[in-house]
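First comes the structure, then the notes that go with it.
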Amino acid sequence: MNTSFYQLKAQTPQGKEISMADFEGKAILIVNTATKCGLAPQFEGLEALHQKYKDQGLVVLGFPCDQFLGQEPETNETIEQACQINHGVTFQLTAKCDVNGDNTHPVFKYLKKELGGLLGNSIKWNFTKFLVDKNGKPYKRYAPIDKPEVIEKDIQKIL
């Protein structure tokens, strides 16, 4: 896979295409999310980063995933409303996707190849986070238990 990050695409929950090229020149925080996960309170921290740094060029993208103990029961039709009501989320969410296995979303295939984790290239749980710099280069991978606040210094560094 010899792909540039900016060649990758995702879908909104409504099926509209999101091109990573639209975020060229911005820092991007990509997270696999799940509304029923014990780590779901991280939505608030992710939203706080989004609010604090969006005008300086940070984009937060949440990729809902139901591969870990069925912790994302919401559908593409209900995911945005559930995240807004329960967690105050206004950052962009994508359609539900897989982050491991045969149907791994291309964005996660790319990020895992560039920034492997402790378990090789697998995503081990919800709320694994990837920070991509303003040039589309994966900068750092964060564990599910890493709270969004610990990423703030790295965000400041690459903005």
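Quick note: the sequence shown uses our numbering, first residue 14, plus one each step.
The beta carbon of each residue, even a glycine, is placed where N, CA and C say it ideally should be.
Model, not experiment: these values are computed from the prediction.
Nearest to E37 by alpha-carbon distance, out of K150, P161, K166 and A156, is K150. Around the CB of Q169, fewer than 16 other CB atoms lie within 10 Å, so the residue is classed as exposed. Taking the C-beta atoms as reference points, L128 is found nearer than 9 angstroms to K153. The stretch 84-104 and the stretch 19-32 touch, with three or more beta-carbon pairs separated by less than 8 angstroms. For A53, same chain residues with a beta-carbon under 6 angstroms away, outside a window of 5 residues either side, do not exist. Per DSSP, reduced to three states, the secondary structure at Q55 is helical.
Comparing alpha-carbon positions, the option among T46, V163 and S32 lying closest to H100 turns out to be T46. Exclusion of the five residues before and after K39 leaves G70, L71, V72 and K147 as the residues of its chain whose Cβ lies within less than 8 angstroms of its Cβ.
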